[in-house]
Amino acid sequence: MEIYLDRRAMRQIQLAVEDALEDGDSESLRDEIAAAFRPSDVDEIERRVDSGDFLDFLSEILDEWGGEDLDELLELLESQLSDADMDLRYAVPAGDEGDDEDEDDDEDEDDSDDDGDDEEELDFDDD
Numbered sequence: 001m002e003i004y005l006d007r008r009a010m011r012q013i014q015l016a017v018e019d020a021l022e023d024g025d026s027e028s029l030r031d032e033i034a035a036a037f038r039p040s041d042v043d044e045i046e047r048r049v050d051s052g053d054f055l056d057f058l059s060e061i062l063d064e065w066g067g068e069d070l071d072e073l074l075e076l077l078e079s080q081l082s083d084a085d086m087d088l089r090y091a092v093p094a095g096d097e098g099d100d101e102d103e104d105d106d107e108d109e110d111d112s113d114d115d116g117d118d119e120e121e122l123d124f125d126d127d
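In this note's numbering, the protein residues as written are 1 to 127.
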């Protein structure tokens, strides 16, 4: 079975991780992560994990998490879901560095085209 977290859900988790790192509040983080999952996904996870409780499942993951960053947390979540024969797929949160780099690349390409045209237009040595 596959679980998919869309951009909104990932952004919610990303903000919750940032808040938890600042405040040290893992209980709020657990609740925010839980809220990012669809109820049908939560039900399926509860059927497949040993504890039978989604919040306990998340608490175990947060206990293992070193509190470093979102990527580490997602890796743990993916690993634990994989053990329950579930695949976690997710969108890159809006405003993530990967998206910014892609936008910058597009802008750089546009700028390089403009620079080439500008040089030709400004080359008036023959006058």
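By construction, the Cβ of each residue, glycine as well, lies at the ideal position given by its N, Cα and C atoms.
Asked, Found
"Within 8 Å, strictly: CB atoms of Ala-84 and Arg-30", "no"
"Nearest to Glu-128 (by Cα), restricted to the options Ser-51, Glu-44 and Ala-9", "As shown, the chain starts at 1 and ends at 127. That puts residue 128 outside it, with no answer to give."
"Buried versus exposed, by CB contacts within 10 Å (16 or more), Leu-15", "exposed"
"Cβ-based neighbour list, Ser-26, same chain, cut-off 7 Å, excluding 5 preceding and 5 following", "Ala-20 and Leu-62"
"Same chain, Cβ closer than 8 Å to Ala-34, five either side skipped, listed in chain order", "Val-42, Phe-54, Leu-55 and Leu-58"
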